[in-house]
Every structure is written in C-alpha cells, then in structure tokens.
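Going down the list, the sequences are from chains U, Y and W.
When the count follows the working numbering, it moves up by one through the first sequence with no breaks and lands on 105 for the last residue.
When the count follows the working numbering, it moves up by one through the second sequence with no breaks and lands on 297 for the last residue.
When the count follows the working numbering, it moves up by one through the third sequence with no breaks and lands on 417 for the last residue.
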Amino acid sequence: MAYSLPLSKPSIGASGLTGYWRLRRPSVSYDKCIKCYLCWLYCPDSTVDINERGDVVIDYKYCKGCGICSNVCPVKAIVMVDE
Amino acid sequence: MLSIKDLPKEKYVLPGHSACPGCPESLGLRFVGMALGKDVILVIPAGCSSIIQGVMPSSSLSMRVLNVPFASAAAVAAGISNIRGLLDIKVIPVVWAGDGATADIGFASLSGAAERNDDLIYVCVDNEAYMNTGIQRSSLTPYGAWTTTSVTGKKEGKKELPLIMLIHKVPYIATASIAYPIDFISKLRKAASIKGFKYIHLHAPCPVGWRFDPSKTVEVARLAIEVGAWILFEAEEGRVRINPPSTIYVDKSKRRDVREYLDIQGRFKGLDGREIDVIKKLIDDNWNVLLKLT
Amino acid sequence: MMTIKVLTGNYAVAEAVKLSGVNLITAYPITPQTPIVEKLSEYVDLGLIKASFVRVESEFSALAVAYGASICGARSFTATSSHGLLYMHEMLWWVAGSRVPLVMAVVTRAIGPPWNIWDEHTDLLDQRDTGWLISFAEDNQEVLDTIIQLYRITEDPRVYLPGILGLDGFLLSHTSEPVDIPDEHIIKSFLKPRSQPYTLCGDELITMGNLPRARDAMFMRYDIHLSMERAKRVIKEVDLEYSKLVGRSYGGLVECYRCENSKYLLVGMGAWVGNMKDVCDELRDEGYSVGVLKVRFFRPFPYEEVVGHLSGIRGALVFDRSISLGSLGHLHLEILARASSIGKHTIIKGLIAGLAGVDVGVKEIKESTIKFINEIEELGYVKDSSEWLL
Numbered sequence: 023m024a025y026s027l028p029l030s031k032p033s034i035g036a037s038g039l040t041g042y043w044r045l046r047r048p049s050v051s052y053d054k055c056i057k058c059y060l061c062w063l064y065c066p067d068s069t070v071d072i073n074e075r076g077d078v079v080i081d082y083k084y085c086k087g088c089g090i091c092s093n094v095c096p097v098k099a100i101v102m103v104d105e
Numbered sequence: 004m005l006s007i008k009d010l011p012k013e014k015y016v017l018p019g020h021s022a023c024p025g026c027p028e029s030l031g032l033r034f035v036g037m038a039l040g041k042d043v044i045l046v047i048p049a050g051c052s053s054i055i056q057g058v059m060p061s062s063s064l065s066m067r068v069l070n071v072p073f074a075s076a077a078a079v080a081a082g083i084s085n086i087r088g089l090l091d092i093k094v095i096p097v098v099w100a101g102d103g104a105t106a107d108i109g110f111a112s113l114s115g116a117a118e119r120n121d122d123l124i125y126v127c128v129d130n131e132a133y134m135n136t137g138i139q140r141s142s143l144t145p146y147g148a149w150t151t152t153s154v155t156g157k158k159e160g161k162k163e164l165p166l167i168m169l170i171h172k173v174p175y176i177a178t179a180s181i182a183y184p185i186d187f188i189s190k191l192r193k194a195a196s197i198k199g200f201k202y203i204h205l206h207a208p209c210p211v212g213w214r215f216d217p218s219k220t221v222e223v224a225r226l227a228i229e230v231g232a233w234i235l236f237e238a239e240e241g242r243v244r245i246n247p248p249s250t251i252y253v254d255k256s257k258r259r260d261v262r263e264y265l266d267i268q269g270r271f272k273g274l275d276g277r278e279i280d281v282i283k284k285l286i287d288d289n290w291n292v293l294l295k296l297t
Numbered sequence: 028m029m030t031i032k033v034l035t036g037n038y039a040v041a042e043a044v045k046l047s048g049v050n051l052i053t054a055y056p057i058t059p060q061t062p063i064v065e066k067l068s069e070y071v072d073l074g075l076i077k078a079s080f081v082r083v084e085s086e087f088s089a090l091a092v093a094y095g096a097s098i099c100g101a102r103s104f105t106a107t108s109s110h111g112l113l114y115m116h117e118m119l120w121w122v123a124g125s126r127v128p129l130v131m132a133v134v135t136r137a138i139g140p141p142w143n144i145w146d147e148h149t150d151l152l153d154q155r156d157t158g159w160l161i162s163f164a165e166d167n168q169e170v171l172d173t174i175i176q177l178y179r180i181t182e183d184p185r186v187y188l189p190g191i192l193g194l195d196g197f198l199l200s201h202t203s204e205p206v207d208i209p210d211e212h213i214i215k216s217f218l219k220p221r222s223q224p225y226t227l228c229g230d231e232l233i234t235m236g237n238l239p240r241a242r243d244a245m246f247m248r249y250d251i252h253l254s255m256e257r258a259k260r261v262i263k264e265v266d267l268e269y270s271k272l273v274g275r276s277y278g279g280l281v282e283c284y285r286c287e288n289s290k291y292l293l294v295g296m297g298a299w300v301g302n303m304k305d306v307c308d309e310l311r312d313e314g315y316s317v318g319v320l321k322v323r324f325f326r327p328f329p330y331e332e333v334v335g336h337l338s339g340i341r342g343a344l345v346f347d348r349s350i351s352l353g354s355l356g357h358l359h360l361e362i363l364a365r366a367s368s369i370g371k372h373t374i375i376k377g378l379i380a381g382l383a384g385v386d387v388g389v390k391e392i393k394e395s396t397i398k399f400i401n402e403i404e405e406l407g408y409v410k411d412s413s414e415w416l417l
C-alpha cells in the first residue's frame with residue numbers, strides 16, 4: 023500500500039544550496055589558526071568541518087556567510103571578505 | 004569538565020537548512036545533538052525551528068522529529084514519555100519550544116506536564132519574541148524592546164519563567180546560553196540522567212529580531228551574561244546554584260555597564276534614561292530574588 | 028460464555044476499552060462523559076486494565092498526550108463532549124493528518140452559551156471535516172461493540188485514520204440497558220496487535236510534519252480521501268466478522284429497518300433511531316408503508332447505501348438533532364448532496380428537532396411522520412423542505 027505520509031528523512035541541503043545566500047565569505051589563514059575549533063563549535067550551519075589533518079575547512083556550498091566563525095576566532099585567523 | 008575535543012563531530016543539524024544566517028536556534032539544536040545523540044526524539048511546536056527543518060521529503064535535522072501544534076508540545080512529549088515503560092522504548096523526549104510556545108500559548112500544557120512530573124526534558128529556546136511570524140512581542144520579550152507589536156518598546160517586564168518552573172518543584176531546572184555550549188551540553192546530559200520533569204531555558208539572541216549583525220550572535224549572548232541580564236543557574240530538587248561565569252557577576256561591581264548590551268542591539272535604540280534605569284532595576288531585582296533562593 | 032450486565036452507555040464504553048487492550052488512557056472530566064474516565068481510572072487502579080492513565084490538565088492535552096503515545100506505538104483512548112471536543116478541535120486535525128489510529132468516545136452534548144449539559148449532536152458533527160471516522164450508536168450494546176470494532180477498523184492498513192464513537196448524552200450515557208459483554212479471549216483474537224503506518228520511536232530517524240511542496244500536501248489530503256473510501260468496505264467486513272463471533276450485526280455502514288417495499292423512510296442517527304423503529308412498527312400496524320434508515324457511520328458518509336435505499340421511494344423524512352447554523356441539519360445536507368443520484372421522484376424533507384436537549388419521543392416522531400406522509404399524499408409535494416420542530 024503506497025501512502026502519502028507527512029514524513030521526511032534527514033538530508034543535506036533540505037533548503038537548497040544555501041551558499042548562494044552569501045554576501046561575504048569567511049577566509050581562513052591557516053598560518054594563524056591555533057586549532058581551538060571555536061569556529062567549528064559556534065557555526066549554526068554545520069559548515070565548518072575539521073579534516074583528517076585537523077584543519078578547519080569551510081563548506082562553501084552551504085555556508086551562509088553569517089560571520090560568527092570570524093567573530094569568535096580568538097586570533098583573527100578568519101576574516102570576512104566580500105563574496 | 005567537557006572540552007571541545009570531547010564533543011561528537013557527527014552532524015545532527017545538516018548544512019543547507021533554512022535558518023537565518025547567524026541563527027541561535029540552529030546552533031542550539033547542534034548542541035542538543037552533541038549532548039544526547041541518537042536517542043532523542045525532538046518534539047517541536049510551531050516556531051522558527053519548524054521552518055529550519057527545510058522542505059519535504061528532506062529534513063535538516065538528523066534526529067527523530069515530531070512537529071506538533073503550537074500549544075501541545077509538553078503534552079505530546081508527556082504521551083511519548085508515558086508509554087516508554089509499557090512498550091519498552093528507549094527514546095529521550097526533548098521538547099524544543101520557543102518562548103511564545105512555552106510562556107504564552109503552551110503555558111497550560113507546560114504547567115500540566117510539570118505538575119505531573121512527566122519524565123521529559125523541556126528546552127525553551129528563548130529568542131524573546133514571536134520571531135517566526137516576524138518579530139512580535141511575547142511575554143518573554145524584555146522591557147523596552149522594540150517588536151512590531153511593541154513599537155515604542157515593551158511596557159511590561161519579562162515573565163520569569165525559570166522561577167515559575169522552580170516553584171513547580173520539578174527535579175531539575177536550569178538556564179543556559181548558546182554562548183556557553185559546554186555548560187548547556189552538560190546540563191542536558193545531567194537532565195537526561197534524572198527522572199522526572201526537567202526544564203532548561205536557553206537564551207538565544209536573534210540577529211534579525213534584536214537587530215544586530217549576524218556575526219555577533221555569540222557575542223551578544225555573552226554580553227547578556229556579563230551585564231547580568233541573563234543569569235546562568237541551575238536548581239536540583241529546588242536547591243539553586245549560580246553557575247560560572249555568572250558567579251563572577253554576583254558581585255554587582257563586576258558586571259559590565261548594561262548600556263553595552265543595549266547599544267549593540269537595534270531593538271533597544273532610543274531608550275531614555277528613565278527606561279534604562281528601569282532595566283537596571285529589573286536586573287538588580289532578578290539577582291536579589293535569585294540570591295535569596297540559593 | 029456470555030456475560031450480561033446492566034450498564035449505562037458510559038460504563039459500556041469503559042467495558043469496551045477494558046476489552047480492547049489499550050496501552051494508554053487520558054482523562055479529563057466533562058458532563059456527561061465523566062463516569063467514563065472515573066470507571067476507567069478505577070479499572071486501571073485495580074489492575075483490570077494494564078494501561079497508563081494520564082490525568083491531563085485540559086481536553087486539548089487529553090488528545091495531545093494520547094497522540095504522542097499513539098505515534099510511538101500505543102493503542103490509546105480518550106473521551107470527551109461538547110466544549111471539550113471543541114477545545115481539542117485543532118488536535119483532531121493533527122491526529123488525522125498524521126495518519127495515527129486512535130479511538131475516542133464522544134458523548135454528545137449541546138454547545139453554549141447558554142450553558143447546557145443536555146443532548147445535541149452538533150458538537151460531534153462539527154468535527155465532520157477533520158478526517159476522523161465518525162460513528163453513532165443507537166443503544167448501549169452498539170456502544171460497546173462499535174468501540175471494539177473501531178480499534179480494528181482504524182488500525183486496518185487500508186484505513187489508518189482515527190475514529191470516534193458517538194453516543195447520546197444522558198439518553199444513552201446515563202441510561203441503563205442490558206449489555207452482553209463478549210469473552211475477553213474472543214475479543215483478544217479479534218483485535219490483532221496494534222498496527223500503524225510508522226512509529227516515531229523506532230530506530231529510523233524520521234521527521235513528521237515539516238514543510239511540504241503544495242502538490243505533495245494536496246496529495247496527502249487525497250490519500251486520506253482514498254482511505255475514507257476504502258474504510259467503507261473495511262467497516263462492513265469488520266462488522267461481518269464480529270457478528271460471526273458474537274451473533275450481532277449492525278449492517279456495516281447503515282441499517283435498514285423494515286425497508287423492503289417501504290414507500291416512506293425515516294432517516295436518522297443515534298439513540299432516537301430506536302424511537303423511530305417503534306414509530307415504524309406502530310405505523311405499519313396502522314397501515315402505513317414506512318421503514319427506518321439508520322445511518323451508523325457519518326464519516327465516511329455511506330452515500331451509495333443511502334442513495335440505494337432512497338431511490339425510488341416516495342418520501343424521506345430526515346431527522347437532525349443538529350444544525351449547521353445558516354444552513355440545514357448535517358444529515359440533511361449530506362443526503363441533499365446526492366439528491367440528483369436519488370432522483371426527483373423522491374421527496375426529501377429535513378426536520379430539525381431535539382436541539383439543546385428538547386425531548387423528542389415516539390409521540391413527536393409519529394406526529395411528524397404522519398404529517399409528512401399526509402402532505403405528500405394530498406399535495407404531491409411538501410411546502411417546507413426543511414422545518415424546525417420547536
């Protein structure tokens with residue numbers, strides 16, 4: 023029996039490619055980064071990833087450019103630049 | 004004491020959701036996922052978080068989510084909680100409700116669940132207005148704040164929901180802030196280990212509704228605590244304990260000038276001296292009452 | 028082994044719930060339903076029903092708590108009336124739209140102002156749009172049997188919708204009648220283990236109810252419509268299967284009493300259908316050609332059966348103990364919707380009677396029927412196609 027049930031499954035991009043929302047983008051200076059991961063902790067969109075080498079990587083497909091990562095970075099390793 | 008490195012890296016909030024840039028609710032939901040993991044069932048009444056989930060058949064939340072009518076969240080969660088023993092189910096019901104759903108329209112079912120001591124965790128994610136419908140005032144909007152329905156600033160104070168829940172004599176209540184995720188996560192885990200009704204009130208500054216740059220969400224949340232306008236505390240079996248860093252601000256002289264908190268937000272623009280004095284007094288009164296309960 | 032107890036309608040509800048293997052009952056008192064929740068509370072405390080009993084703080088929460096439990100796999104029950112039913116109206120829509128099987132008893136009662144505890148059907152029929160199955164009992168035996176049947180019907184994969192059993196406030200709820208209580212083990216095998224389309228408390232991480240695309244949402248409504256259509260067959264099947272176990276059948280969706288070769292039919296729902304049957308017997312003895320069409324399920328509306336019985340007859344007098352203010356009685360409206368299928372030959376008249384608890388018995392029904400029949404026999408038509416019996 024096929025139903026039309028009001029059910030959804032978890033999926034990335036449930037509201038589309040939110041990277042297109044950006045007016046500014048975060049730019050990471052790896053020489054300054056101290057790997058405190060506060061940017062990863064405070065990103066509301068889960069678009070700050072940590073790769074196998076422990077580097078912070080921004081997912082620009084979905085990053086909305088809110089700038090929280092830049093704001094919380096204690097060493098100013100992330101700056102917001104115009105998109 | 005948990006550190007950032009201890010937190011699970013798994014994504015419970017998936018990228019590509021519809022929250023506004025800098026949204027504290029989506030941030031808070033990440034922390035709920037980190038705290039409680041796969042066992043959670045989120046019961047979400049109407050509010051911003053209903054929309055943040057995105058469009059069917061996709062959902063941005065990698066958790067069990069039950070969307071429910073505005074006033075019903077505590078009751079629906081109570082039903083889920085109640086049936087677990089009989090049906091041998093292991094989920095943790097967590098209500099994720101905004102200030103409007105909690106303090107206004109859902110107040111009766113909140114109080115009912117608390118009185119019955121239903122075994123669930125109730126998180127009120129407080130962005131201090133009906134944000135999803137475009138910034139209208141709720142009973143948790145603070146004095147003096149602009150909203151579309153308090154255009155000259157709210158004339159009433161903020162309803163003291165944490166204290167109201169304290170007087171319900173439930174096993175655990177706490178306040179939290181998205182600026183202090185480790186504290187929030189610890190409180191969620193502690194709540195999950197206690198049987199009965201647990202209430203956590205999460206302060207969630209909204210860039211769109213409070214009128215500040217979206218990059219400052221965490222900064223504003225931190226400032227609220229530094230000026231003493233938001234107090235981190237918890238109460239187990241009614242015994243109130245102030246949590247750090249609010250412990251520093253018990254001493255009034257250590258609190259930063261409330262004007263720093265007011266000036267960074269557009270919703271407090273244009274307050275006159277008399278109104279700022281009212282705000283200062285409200286902050287002092289809150290501290291006085293709370294300290295009497297410690 | 029048959030056990031016959033003298034039970035009020037309310038206690039018949041409680042007995043049925045006791046037999047139905049429910050996991051959760053929510054309770055909020057409202058006249059005239061209160062004895063149901065009191066009796067169920069007693070049964071749970073005595074261990075006669077192994078269920079969780081939640082004393083909620085409002086009717087809205089009564090349905091909300093039952094919904095939460097049900098969506099996680101519980102077979103649940105709640106009951107209400109009148110203002111309580113109106114208060115939970117939003118929740119009714121949510122339960123049906125979520126496709127969660129759940130059974131509720133509604134003891135019908137007039138709506139205020141002014142405050143009124145007596146019988147009227149409007150509160151129940153006001154829920155006709157919500158997607159709930161709506162059934163109406165004629166006597167306390169049917170109350171008990173239909174609640175049990177509803178658990179089977181609502182949990183059938185062809186249906187998966189919640190259902191209501193309506194019973195007349197005071198006329199049934201507080202009136203004692205002998206009721207045969209089937210054996211527990213018979214009902215246990217009749218009622219399969221609980222079935223529902225999905226659970227929100229299983230291993231799968233699913234979200235229920237976030238924003239849809241418009242067309243997908245319309246299709247969900249259409250799916251409920253299809254389930255309602257399929258429910259008609261399920262209701263008949265279940266009634267037949269149940270009758271083989273206990274020896275009683277209610278005819279499925281409708282019951283036609285002495286309908287064969289009737290020129291005229293009385294159409295109604297609920298307790299007063301019993302009075303209509305008495306009137307029918309008396310009138311037949313006096314030479315009138317009269318029968319009674321009892322509508323047992325209002326949703327899904329059994330228009331095929333109704334059209335079938337009304338086509339070709341001379342006149343149908345439809346009794347409504349309810350009113351859609353600004354229009355007509357609910358049953359009358361449903362029947363008129365199919366007037367073109369019934370045919371111009373049949374004169375359909377609606378009678379609105381017994382609102383707010385006004386007593387309507389055999390005398391009043393008989394007088395109205397004779398008046399109706401005489402008017403048609405003399406004039407060939409009725410002057411008023413809808414009339415209030417004040």
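Ideal Cβ placement from N, Cα and C applies to all residues, glycine included.
T150 of chain Y sits in a strand when the DSSP states are folded into three classes.
An exposed status is given to V33 of chain W, since fewer than 16 other beta-carbon atoms sit within 10 Å of its beta-carbon.
Among the residues of chain W, none has a CB under 8 Å from the CB of V128 of chain Y; the nearest is roughly 17 Å distant. Checking the DSSP bridge columns, you'll see L337 of chain W has no partner listed. Taking all protein chains in view, the Cβ of E169 of chain W is crowded by 16 or more other Cβ atoms within 10 Å, so the residue is classified as buried. For Y52 of chain U, the three-state secondary structure derived from DSSP is coil.
Taking the Cβ atoms as the reference, I138 of chain Y lies roughly 20 Å from W99 of chain Y, outside the contact range of under 8 Å. Taken through DSSP and simplified to helix, strand or coil, T250 of chain Y comes out as coil.
When the beta-carbon positions are compared, V71 of chain W and I180 of chain W stay at least 8 Å from each other.
For S52 of chain Y, not one C-beta of chain U is nearer than 8 Å to its own C-beta. In the structure shown, the three-state DSSP call for M296 of chain W is coil.
At a cut-off of 8 Å between beta-carbon atoms, P72 of chain Y makes contact with chain W. Around the beta carbon of D195 of chain W, 16 or more other beta carbons sit within 10 angstroms, so the residue counts as buried.
In this structure A182 of chain Y is in contact with V221 of chain Y, their Cβ atoms being roughly 5 Å apart against a cut-off of 8 Å. The C-beta distance from A106 of chain Y to K157 of chain Y rounds to 13 Å, too long to meet the 8 Å contact threshold. Cβ proximity to chain Y below 7 Å picks out F87, S88, A91, V92, A93, Y94, G95, A96, I98, C99, G100, A101 from the segment 87-112 of chain W. Take V50 of chain U, set aside five residues on each side of it, and the residues of its chain with a beta-carbon closer than 7 Å to its own are V78, I80, A99, I100, in chain order. Three or more beta-carbon pairs drawn from the segment 11-26 of chain Y and the segment 86-95 of chain U are found closer than 8 Å, and the two stretches are therefore classed as touching. Contact annotation for V58 of chain Y against chain W: N237, L238, P239, R240 [CB-CB distance below 8 Å, chain order]. The DSSP-derived three-state label of E182 of chain W is coil. Neighbours of V221 of chain Y in chain U, taken as residues at a C-beta separation under 7 Å, are given in chain order as Y64, I90, N93, V94. For Y187 of chain W, the closest alpha carbon among the candidates W:M115, W:G100, W:E211, W:I138 is that of W:G100. D146 of chain W: not part of any alpha helix (DSSP H); DSSP gives it neither H nor E.
Counting C-beta pairs closer than 8 Å gives three or more between the segment 76-93 of chain W and the segment 42-49 of chain W, which meets the contact rule.
With contacts defined as CB atoms closer than 8 Å, V79 of chain Y and G95 of chain W qualify as a contacting pair. Between the alpha carbons of P32 of chain U and S112 of chain Y lies a distance of about 29 Å. Listed along chain U, no residue sits closer than 9 Å to M29 of chain W by beta-carbon distance, the nearest being about 37 Å off. Chain order gives the chain Y residues near N50 of chain W as I86, L89, L90, where near means a beta carbon separation below 8 Å. Per DSSP, the continuous alpha helix (DSSP H) segment holding S92 of chain U begins and ends at 90-94. Judged by beta-carbon spacing, D287 of chain Y lies beyond the 8 Å limit of N246 of chain Y, meaning their Cβ atoms are not closer than that value. The Cβ of L64 of chain Y sits closer than 8 Å to at least one Cβ of chain U. Checking the DSSP bridge columns, you'll see D104 of chain U partnered with U:R46.
Contacts with chain W at 8 Å (Cβ-Cβ) include A111 of chain Y. In terms of beta-carbon proximity, I233 of chain W lines the interface with chain U, with at least one pair separated by less than 8 Å.
For H204 of chain Y, DSSP records a beta bridge to Y:C127, Y:T178. Where M247 of chain W is concerned, the enclosing alpha helix (DSSP H) starts and stops at 241-273.
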